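Student: Please find one structure pasted underneath; my questions will follow.
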Amino acid sequence: MNSRKGLVFIMLCTPLINKALDLSYKAHEHHLDRSGSPYIFHLYYIASQMEHENEICTALLKDILEDRTMNLTELAALGFSKCILEAITLLTRPKTMSFETYLRRVSKNELAKKVLIQDLSYDLLLQQVTAGMNETSQKKIMQKQNALSFLQSAC
Numbered sequence: 090m091n092s093r094k095g096l097v098f099i100m101l102c103t104p105l106i107n108k109a110l111d112l113s114y115k116a117h118e119h120h121l122d123r124s125g126s127p128y129i130f131h132l133y134y135i136a137s138q139m140e141h142e143n144e145i146c147t148a149l150l151k152d153i154l155e156d157r158t159m160n161l162t163e164l165a166a167l168g169f170s171k172c173i174l175e176a177i178t179l180l181t182r183p184k185t186m187s188f189e190t191y192l193r194r195v196s197k198n199e200l201a202k203k204v205l206i207q208d209l210s211y212d213l214l215l216q217q218v219t220a221g222m223n224e225t226s227q228k229k230i231m232q233k234q235n236a237l238s239f240l241q242s243a244c
């Protein structure tokens, strides 16, 4: 839910989700997004769009490997399941991987795909609100719209 007074996030809460919330908060507590808002709000929003524990944990932890905050072994030791770890791995795009290859890879995993669809939707909204309509912004918006269409149509 989005209102002028602020954001409200409503989501399922379990002990594992509480761990993911704590880890994501610690990893991103000082990060800001393009609009100047705390980056953690981005993750909370995506998680609030999910229905199940695995989805919520994946949404909250989607950037944790990229940020080098934790590794898979540490996350597994904390009780995160193999399907969460696989999705987080797929959502972590190596710098050398093309965006198209990344999308094809993510599209083969339903959990990762669901999280990325919400991530792209949020990014598109933020891009349209915060960016001017210069040529670079237009290209980024078009790329994300195409990616979103691809993922939504991927079986």
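If you use our numbering, the sequence shown corresponds to residues 90 to 244, in order. Glycine included, every Cβ here is placed at the ideal spot set by N, Cα and C. The structure displayed is predicted, hence computed values, not measured ones.
1) Quick one: any contact between the region 187-194 and the region 225-240, if contact means 3 or more CB pairs under 8 Å?
2) So, using beta-carbon positions, are VAL74 and LYS171 closer together than 8 Å?
3) Are the CB atoms of LEU215 and SER113 nearer to each other than 8 Å?
4) Within this structure, are the beta carbons of LYS202 and LEU154 separated by less than 8 Å?
5) Which value, in whole angstroms, describes the spacing of the CA atoms of ALA166 and GLU224?
6) How is PRO40 classed by DSSP in three states: helix, strand or coil?
7) Got a sec, what are the start and stop residues for the alpha helix (DSSP H) LYS197 sits in?
8) By the three-class DSSP mapping on this structure, what secondary structure does LEU192 have?
9) If GLU142 sits next to ILE106, beta carbons under 8 Å apart, how far is it from one beta carbon to the other, in whole angstroms?
10) State the start and end residues of the unbroken alpha helix (DSSP H) segment that holds HIS119.
11) Let's see if you can read the secondary structure: which residues bound the alpha helix (DSSP H) around SER238?
12) So, ILE145 versus ALA136, is the Cβ gap smaller than 8 Å?
13) Quick one: grab the DSSP three-state call for SER170.
14) Taking only the alpha-carbon atoms, compute the straight-line gap between ARG193 and PHE169 and give it to the nearest angstrom.
Tutor: Taking the geometry as given:
1) Enough Cβ pairs lie closer than 8 Å, so yes.
2) Only positions 90 to 244 of the chain appear in the structure, and residue 74 is not among them; the question remains open.
3) With contacts defined by Cβ atoms closer than 8 Å, LEU215 and SER113 do not form a contacting pair.
4) Against a cut-off of 8 Å, the Cβ pair of LEU154 and LYS202 comes out as no contact.
5) 46 Å
6) Here the chain covers residues 90 to 244 and nothing more, so residue 40 does not appear.
7) No alpha helix (DSSP H) holds LYS197; DSSP gives it neither H nor E.
8) helix
9) 6 Å
10) First-last for HIS119: undefined, no H or E at that position.
11) 224-242
12) yes
13) It is coil, neither helix nor strand.
14) 25 Å
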